[in-house]
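In the numbering used here, the protein residues as written are 811 to 1778. Ideal Cβ placement from N, Cα and C applies to all residues, glycine included. All of these numbers come straight from a predicted model, not from anything done at the bench.
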């Protein structure tokens, strides 16, 4: 009993030495990095040397003790499973890995993950053949051969036989084979004369001398430690010789050390798998901590080895499945296994075919996210999306395939019929991917989860889809139904058992359900996807879809964080802020005479309006916005920085109405109307200061949940097509399917004239919405010059013609409001550029500049309204402050903050999504200004706005309990 305990303790100490040495090497503490000789350096060299000797002895013992048979394949599979579990455990501990690490864990043979384990088992699988072969030669000859193989590389420092540093299949195979050769002779009965003892003693002494002297020799000759550990490798003749000596002595003195098969293999797994060592170290450099970890790891290895041995004895199912039999040779087993695989491939051929088709669909879900099959957002290194997806994003392609397969398992779990489930799954995937592709083509962003909830808008979305696509869809649907009927009758598949169907449903629900935690900081699924290579790129959804695939990018957008919590957020600080700006409001109001509520204020978002003349790449034969440009010269005007390009209308509305920049939100917030407003108990917008407010949009009211949003904002009426407040004066221009801007202005005039007192109107036009086809007769009046093809020139001409009609409608509207005897102020702005310019940089300031002006009618000017000096750059959040200033109206503390921001802070680049971190601004000359370049006062203003935004949208809304929004 005591001897057994001693043997166990000896094995445990040996394991601690090996693990400790590996951990120190990985941690690379200071004494290994400095070019200084030290006691620790020499001690490490000796420790490292001994750890390799121990591994050498272990490999020889494995060959000597372990029985070689076909069932070793089962042991390798157990080691494979344990390594996977270790990978999962280490990920849960450190919350990080790379795709290479994952591939290494899943494909250990092709990735050479733990070659020493594979080499040892390979030798044992043919142990009987090796024993018979070794019997042909004297033991001294065998040892001589080994001496030559390991001595020559050690002397000449050249890897002649491909042994490397020993962490490979060949070295492990060779040393286990040496143990097998030793099993042919009775080592404990071998005659050892004085010559042998002398030789053994020299081997041990030489190894120790080399371990201790090489750091000094390397330092003296080379000035560093590049060759300090040259002989501290498993392939060094000194290491191999000492391993043989210790093994021989152990057998001679009959220590009877028995290495558990699994314990030995687990030690080799840790020795050869660098990922395990890297994660165990996990940044630790303290030797005491590393020693403690070594002890813990050794205990785990011993425990796992014991558990695996117990499981191996009881579990015979795996042996039956793998056709393992003691009596069979590996050749016979190989042939039987091949036959078994072929039989099952034929049996499950339709399931395999299903997976292949799902892989192809997953591939297409990447390809179709790039309209012209290029990779425009992915850098010059990737010429096209085909190459990029297959060779660079293969791991994400596999992930999307798995997600598609889980969707199939969910459908199959419910329906229980193979062919119906398979084809229904294909249809669902195809529709989703095509819908994504269409939206990316028109809007340069995929479908978002919030848009899926816009059920009432589905009919209008379908109306935008070309007729031929709908006919193709209907035809394909009929064909698929016929295929299902045929397959169910002619190629029926056996139904899966209920437990497998339920398992499929549960797995699908768990995986898809985990998407609700993807963006939570510290979540397991989020850390896994980040490590795996998921790149959401929320600020550029099109790029995100190209990098991650349509489905994964959709899931990325399910879990959204509105805005990151401010570190100084508290009721006390919020109250201080309210008092601070109450004083500023009182100061401003002392110089102003009017009340905002007595004014008629119109915020007019003009769809896709931005003068093409301003673009460097475009030359127009005439100006389509000549009147608007003339108005801009005589009133408050300039350029508005949009957050969108060819989209984002609702975001511009949100900013103009609330005064909150979307760039301060989390990048996961694509549309505040559908993601922020529903989550807020109340939302104060500028219309709240008026007794009457109306929203007008001469199109469908379902998009971006406007009907719900406007009601929450407090608008009394929302006029749209199909609403109870009818859109009148319906006019279209040429063949344009959208109602004209003149229609919008005529309805606005009706609202203005229907109420004699002050009111607020939010007008969103639709005339210049894409597409830009040959709608107008005057398109030829706008000839285009520039480096672009004829198709693009024609599109820009059509777009410009549409702008010219807007120009005329604005002129007529201004002439009409000038005749009305009540104060009216029009805030006119384009929401974004259309996505029709191929040569424009989407991230440039030029691509985000739209026209704006603020015009007060004659009556308003006669009663205190004033034109402000030219304000070249504004963001949408500035319109409230500018309107209040131009109308000479008093402000609330909140609007006092916005006024101060507009005057003192450079214009916020609202398209630079940054979650409030490292914001970017634009000065009066259009130059970029970084946060660190701001003055102390400017930084404070911006941080105050962030605090307000957090409180109103994600915090406790303390400000609503103060007088922050009241105008005194």
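- Your pair residue 1387 and residue 1325 does not check out as a contact, with CB atoms roughly 36 angstroms apart and the cut at 8 angstroms.
- Shortest Cα-Cα distance from residue 1619 to any of 1229, 1608, 1577, 1598 involves 1577.
- Taking 8 angstroms as the cut-off, the Cβ atoms of residue 1471 and residue 1720 count as close.
- Of the candidates 1231, 1216, 1214, 1231 places its Cα closest to the Cα of residue 1222.
- When DSSP states are grouped into helix, strand and coil, residue 1659 belongs to the strand group.
- With 16 or more other Cβ atoms from the protein chains shown falling within 10 Å of its own Cβ, residue 1556 counts as buried.
- Residue 1505 and residue 1641 have their alpha carbons spaced roughly 16 angstroms apart.
- Burial state of residue 862 is buried, judged by a 10 Å Cβ sphere holding 16 or more other Cβ atoms.
- The continuous alpha helix (DSSP H) containing residue 1059 extends over residues 1047-1062.
- Looking from the CA of residue 966, the closest CA among 929, 1027, 1041 belongs to 1041.
- When secondary structure is reduced to three states using DSSP, residue 1449 falls in the strand class.
- Residue 1289 counts as exposed, since fewer than 16 other beta carbons sit within 10 angstroms of its beta carbon.
- For residue 1416, the uninterrupted beta strand (DSSP E) segment begins and ends at 1410-1416.
- DSSP lists 1506 as the beta-bridge partner residues of residue 1529.
- Judged by DSSP secondary structure, residue 1634 falls within the beta strand (DSSP E) whose first and last residues are 1634-1640.
- For residue 897, the closest alpha carbon among the candidates 1086, 934, 1035 is that of 1086.
- In terms of CA proximity to residue 1052, 1011 leads the group 1011, 1486, 1080.
- With contacts defined by Cβ atoms closer than 8 angstroms, residue 887 and residue 1128 form a contacting pair.
- Along the length of the segment 1322-1367, whole alpha helix (DSSP H) runs at least 4 residues long occupy 1334-1342, 1351-1358, 1360-1366, reported in chain order.
- Assigned with DSSP and collapsed to three states, residue 931 falls in helix.
- When DSSP states are grouped into helix, strand and coil, residue 1678 belongs to the coil group.
- Proximity of the segment 1350-1365 to the segment 1740-1754 falls short of the contact definition, fewer than three beta-carbon pairs being nearer than 8 angstroms.
- Listed as beta-bridge partners of residue 1740 by DSSP are 1730.
- Less than 8 angstroms divides the Cβ of residue 1448 from the Cβ of residue 1682.
- Of the candidates 867, 833, 1705, 874, the residue whose Cα lies closest to the Cα of residue 854 is 833.
- The segment 907-919 makes no contact with the segment 1095-1108: fewer than 3 CB pairs, one atom from each, lie closer than 8 angstroms.
- For residue 1571, the enclosing beta strand (DSSP E) begins and ends at 1569-1574.
- Exclusion of the five residues before and after residue 1101 leaves 830 as the residues of its chain whose Cβ lies within less than 7 angstroms of its Cβ.
- With contact defined as three or more Cβ pairs closer than 8 angstroms, the segment 1336-1344 and the segment 1446-1465 are not in contact.
- The beta carbon of residue 1095 sits closer than 7 angstroms to those of 837, 839, all from its chain and outside the five residues before and after it, given in chain order.
- Considering only 1044, 1699, 1763, 1659, the residue with the shortest C-alpha distance to residue 1717 is 1659.
- Residue 1037 and residue 824 have their C-alpha atoms spaced approximately 26 angstroms apart.
- Per DSSP, reduced to three states, the secondary structure at residue 1707 is helical.
- The C-alpha of residue 1691 is placed about 5 angstroms away from the C-alpha of residue 1709.
- Residue environment analysis places residue 1179 among the buried positions, since at least 16 neighbouring C-beta atoms fall within 10 angstroms of its C-beta.
- Our two residues, residue 1304 and residue 1310, have alpha carbons roughly 13 angstroms apart in a direct line.
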